[in-house]
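Numbering-wise (numbering that gives the first Met the number 0), the sequence shown opens with residue 0 and increments by one.
We put the CB at the ideal spot given by N, CA and C, even for glycine.
Take a look at the structure below.
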Amino acid sequence: MTPEFDIQKLVQQCQNGDQEAFGQIYEHYVDSIYRYVYFKVDQSDAEDLTETGFVKAWEKIHQYRLQEQANFSSWVFRIAHNVVVDHYRMNHSIEALVDDYQDHRTEHNPLYRANESLNAEVLKEAISQ
Numbered sequence: 000m001t002p003e004f005d006i007q008k009l010v011q012q013c014q015n016g017d018q019e020a021f022g023q024i025y026e027h028y029v030d031s032i033y034r035y036v037y038f039k040v041d042q043s044d045a046e047d048l049t050e051t052g053f054v055k056a057w058e059k060i061h062q063y064r065l066q067e068q069a070n071f072s073s074w075v076f077r078i079a080h081n082v083v084v085d086h087y088r089m090n091h092s093i094e095a096l097v098d099d100y101q102d103h104r105t106e107h108n109p110l111y112r113a114n115e116s117l118n119a120e121v122l123k124e125a126i127s128q
């Protein structure tokens, strides 16, 4: 974070209608929000959903309370998360949402590990015969 980036001051300016201050907030967070959204949805939707999240943040910035909420970035990421959830509610089944959160290519995936285990058992059985 750059020293001249004062989130409290920028949020207060935004709450008073300063679009330039919101532009600074946007520039500061856009890359990290985009990366978050990018890995949750089809890549063709990531840019649109990122922009939707920032529009919602601008529309709701007056609801943000600096004294009550500890971290502005958490607030912005929560909005991005909600945009992703809304996207899946409108366009996909819950199974698609669950599938997108799973990485079928890694050994950390339970389906991958179960298949590997079954394949190993079948192989052991074949070798023993």
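Give me, in chain order, the residues of the same chain whose beta-carbon lies closer than 6 Å to that of residue i; leave out the 5 immediate sequence neighbours on both sides.
i: ASN70; result: none
i: ILE24; result: LEU9
i: THR49; result: ILE32, TYR33, VAL36
Indicate the three-state DSSP secondary structure (helix, strand or coil) for residue i in the structure shown.
i: TRP4; result: One point to set straight first is that residue 4 is Phe, not Trp, in the sequence displayed. In this structure, PHE4 counts as coil in the three-state DSSP scheme.
i: PHE129; result: Because residue 129 is not part of the residues shown, which for the chain are 0 to 128, the question remains open.
i: GLY22; result: helix
i: ASP85; result: helix
i: LEU65; result: coil
i: ASP17; result: coil
i: ASN90; result: helix
i: LYS128; result: Just to set this straight, residue 128 is Gln in the shown sequence, not Lys. Correct three-state label for GLN128: coil.
Is the distance from the Cβ of residue i to the Cβ of residue j below 8 Å?
i: TRP57; j: PHE4; result: no
i: ILE60; j: VAL10; result: yes
i: GLU40; j: HIS86; result: The question names Glu, yet the displayed sequence has Val at residue 40. Cβ distance < 8 Å, so VAL40 and HIS86 count as in contact.
i: GLY52; j: VAL82; result: yes
i: LEU65; j: GLN12; result: no
Beta-carbon within less than 7 Å of residue i's beta-carbon, same chain only, minus the 5 sequence neighbours each way: which residues are those?
i: VAL75; result: TYR28, ILE32, ALA56
i: TYR37; result: ALA45
i: PRO2; result: For PRO2, the pLDDT reaches just 45, beneath the cut-off of 50, and the residue's location in the model is therefore unreliable, leaving the point undetermined.
Output yes if chain C places a C-beta closer than 8 Å to the C-beta of residue i; else output no.
i: PHE4; result: You won't find chain C in this structure, because it holds only one protein chain.
Is residue i close to the ligand PLP? I mean its beta-carbon at under 7 Å from any heavy atom of the ligand.
i: VAL36; result: Only the bare structure without any ligand can be found here, which leaves the ligand PLP out of the picture.
Got a sec? Which residues, its chain only, sit under 8 Å from residue i by beta carbon, not counting five neighbours each side?
i: TYR63; result: VAL10, GLN14, PHE71, TRP74
Counting Cβ pairs, one atom from each stretch, are 3 or more of them under 8 Å apart for the stretch 6-19 and the stretch 32-42?
In this structure the stretch 6-19 does not touch the stretch 32-42; the number of beta carbon pairs closer than 8 Å is below three.
Runs of alpha helix (DSSP H) lying entirely within the stretch 39-63, each at least 4 residues, in chain order
42-59
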